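Going by the working numbering, the sequence shown wraps up at 362, each residue one higher than the last.
C-beta atoms are modelled at their ideal positions from N, C-alpha and C, and glycine is treated no differently.
Here the structure is a predicted model, which means the values were calculated and not measured.
Down below is the structure, laid out as structure tokens.
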Amino acid sequence: MTQHHGWNLRRFSRAIIAGLHMILISAAPWSSPAPSEQESNVTRTPANISEQARNAGLVSVEDLVPDLALDIRYAGDDNFTGEALYPASRCWLMESVALRLARVQQDLARDGLGIKVFDCYRPFHVQEKMWRLIRDERYVSKPVRDSEGRMVEGSRHSRGAAVDVSLVALETGLELPMPTAYDDFSETAHRDHHAGLNTAQIDNRERLADAMARHGFVGLATEWWHFDAEGWHRYPLLDIPIE
């Protein structure tokens, strides 16, 4: 009888301790998971990205950020080449880069703003075509292959680690005034250019740059719309076709 009561007491004590443990966990302040934990939970939808691209570490930003405004210029002829360079309008990025962009979108939404995306991952062969048209490294990164045809240098877009973006008002979907149109290869598109620009154009350029910088993106000096993800060098150059 004494042993039976002792067993019940021990079981009761363990239950009390377990209950207190759950209360402490529930009361602890919530914090966002580390990037590595978040990255492992990204849903990848085959409809928006090829298996080859997924296997290379790319994800569809459309799936991660459903309310993202897409205006992929190289999927149509409204770009400096005058022709479509992609067969489909896709925004693919390396997973960690896509997660950063999602956080930028969340931040901007608090002020009624959002991101419009002009370009994301760009296949290496497309970069080669651009270079044949614009041989100016201020605006087009030179793609380089070694003697055996291996990709050794190129655009950070070809690593899935760069984006071309602007700002839109979420309520209307309209783009905010910026210094130039997209792919304007002039000094007016430079980040330090001020002559001839109005206050709204300068403020919006800075607002975009600040929002991107908070989440690990660095702007290109000659293009207000172009941002590289910090750590871009960790990702390989890719020539996976967009489909």
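Review point. Would you call the CB atoms of Gly195 and Ala207 closer than 8 angstroms?
Key: As a first step, residue 195 is located in the sequence shown; it is residue number 76 there, counting from the start. As a first step, residue 207 is located in the sequence shown; it is residue number 88 there, counting from the start. Between Gly195 and Ala207, the gap from beta carbon to beta carbon reaches 8 angstroms or more.
Q: Per DSSP, which residues does Val284 bridge with? Please list them.
A: Position 165 of the sequence shown holds residue 284. Paired residue(s): Val236.
For Glu294 versus Ser305, is the C-beta distance shorter than 8 angstroms? Working through the sequence shown from its first residue, we reach residue 294 at position 175. Working through the sequence shown from its first residue, we reach residue 305 at position 186. Not in contact: Glu294 and Ser305 (Cβ atoms no closer than 8 angstroms).
- Query: CB Gln171 to CB Ile359, shorter than 8 angstroms?
  - Reply: In the sequence shown, the residue the question calls residue 171 occupies position 52. In the sequence shown, the residue the question calls residue 359 occupies position 240. Going by C-beta atoms, Gln171 is nearer than 8 angstroms to Ile359.
For Met213, which of helix, strand or coil comes out of DSSP?
On the sequence shown, position 94 is the one that residue 213 refers to. Secondary structure at Met213: strand, using DSSP grouped into helix, strand and coil.
Exercise. Going by DSSP, which residues form a beta bridge with Arg264?
Worked result: Taking the first residue of the sequence shown as 1, we reach residue 264 at position 145. Residue pairing for Arg264: DSSP places it in a beta bridge opposite Met270.
Contacts around Glu247, its chain only, beta-carbon distance under 6 angstroms, and the 5 residues preceding and following it disregarded
To locate residue 247, count along the sequence shown from 1; it is residue 128. Pro262, listed in sequence order.
Could you pull out every residue in the same chain whose Cβ sits closer than 7 angstroms to the Cβ of Gly292, ignoring the five residues on either side in sequence?
One-based indexing of the sequence shown puts residue 292 at position 173. So the list reads Ala188, once near-sequence residues are dropped.
* Candidates Cys210, Asp190 and Lys235: which alpha carbon is nearest Ser169's? -> What you label residue 169 is simply residue 50 of the sequence shown in a count that begins at 1. It is Cys210.
Own chain, CB closer than 7 angstroms to Ala330, minus 5 neighbours either side, in chain order: Counting from 1 along the sequence shown, the entry for residue 330 is found at position 211. Cβ neighbours of Ala330 beyond the five flanking positions: Val223, Asp226 and Leu227.
Assign Thr318 to one of two classes, buried (16 or more other C-beta atoms within 10 Å of its C-beta) or exposed (fewer than that). Taking the sequence shown and counting its residues from 1, the one referred to as residue 318 is at position 199. Classification of Thr318: exposed, given that the 10 Å Cβ count is below 16.
### Close Cβ partners of Ala175 (< 7 angstroms) along its chain, the five nearest in sequence each way excluded
On the sequence shown, position 56 is the one that residue 175 refers to. Cβ neighbours of Ala175 beyond the five flanking positions: Leu357 and Ile359.
Nearest neighbour of Ser277, chosen from Glu267, His345 and Arg241 [CA to CA]: Looking up residue 277 in the sequence shown gives position 158. Measuring from the Cα of Ser277, the nearest candidate turns out to be Arg241.
- prompt: What is the DSSP secondary structure of Glu294, counted as helix, strand or coil?
  reply: Taking the sequence shown and counting its residues from 1, one reaches residue 294 at position 175. The answer is strand: DSSP assigns Glu294 an E or B state.
State the DSSP-derived secondary structure class of Val259, mapped to helix, strand or coil. Numbered from its first residue, the sequence shown carries residue 259 at position 140. Of the three classes helix, strand and coil, the one that applies to Val259 here is coil, per DSSP.
Exercise. Determine the burial state of Ala280: buried for a count of at least 16 other Cβ atoms within 10 Å of its Cβ, exposed for fewer.
Key: One-based indexing of the sequence shown puts residue 280 at position 161. Classification for Ala280: buried.
Determine the direct distance from the alpha carbon of Ala300 to that of Asp190, and round the result to whole angstroms.
-> Residue mapping note: residue 190 aligns to position 71 of the sequence shown, counting from 1. Residue mapping note: residue 300 aligns to position 181 of the sequence shown, counting from 1. One Cα belongs to Asp190, the other to Ala300, and the distance between them is close to 13 angstroms.
Taking the straight line between their C-alpha atoms, what separation do you get for Ala221 and Glu342? Along the sequence shown, read from residue 1 onward, the residue named residue 221 stands at position 102. Along the sequence shown, read from residue 1 onward, the residue named residue 342 stands at position 223. Distance between the alpha carbons of Ala221 and Glu342 is about 22 angstroms.
| Length-filtered (4 minimum) alpha helix (DSSP H) runs lying within the segment 286–362 | The qualifying runs are 318–332.
In three-state DSSP terms, what is Ala203?
One-based indexing of the sequence shown puts residue 203 at position 84. DSSP places Ala203 in the coil class of the three-state scheme, outside both helix and strand.
Rounded to a whole number of angstroms, what is the C-alpha to C-alpha distance between Val271 and Val245?
-> The residue labelled residue 271 in the question sits at position 152 within the sequence shown. The residue labelled residue 245 in the question sits at position 126 within the sequence shown. Across the structure, Val271 and Val245 are spaced so that their CA atoms are roughly 15 angstroms apart.
Just to confirm my understanding: we take Asp345, look at its own chain, exclude 5 residues before and 5 after, and list those with CB closer than 6 angstroms. What are they? Taking the sequence shown and counting its residues from 1, the one referred to as residue 345 is at position 226. Correcting the residue identity first, residue 345 is His in this sequence and not Asp. Only Asp283 and Leu339 meet the Cβ criterion.
**Prompt:** Would you say Pro298 and Arg324 are within 8 angstroms of each other, going by their C-beta atoms?
**Reply:** As a working mapping, residue 298 is identified with position 179 in the sequence shown. As a working mapping, residue 324 is identified with position 205 in the sequence shown. Yes. Within cutoff.
Quick test of your reading: Leu316 and Gly233, contact by CB under 8 angstroms. State the CB separation rounded to the nearest angstrom. Taking the first residue of the sequence shown as 1, we reach residue 316 at position 197. Taking the first residue of the sequence shown as 1, we reach residue 233 at position 114. The Cβ separation is near 23 angstroms, so there is no contact.
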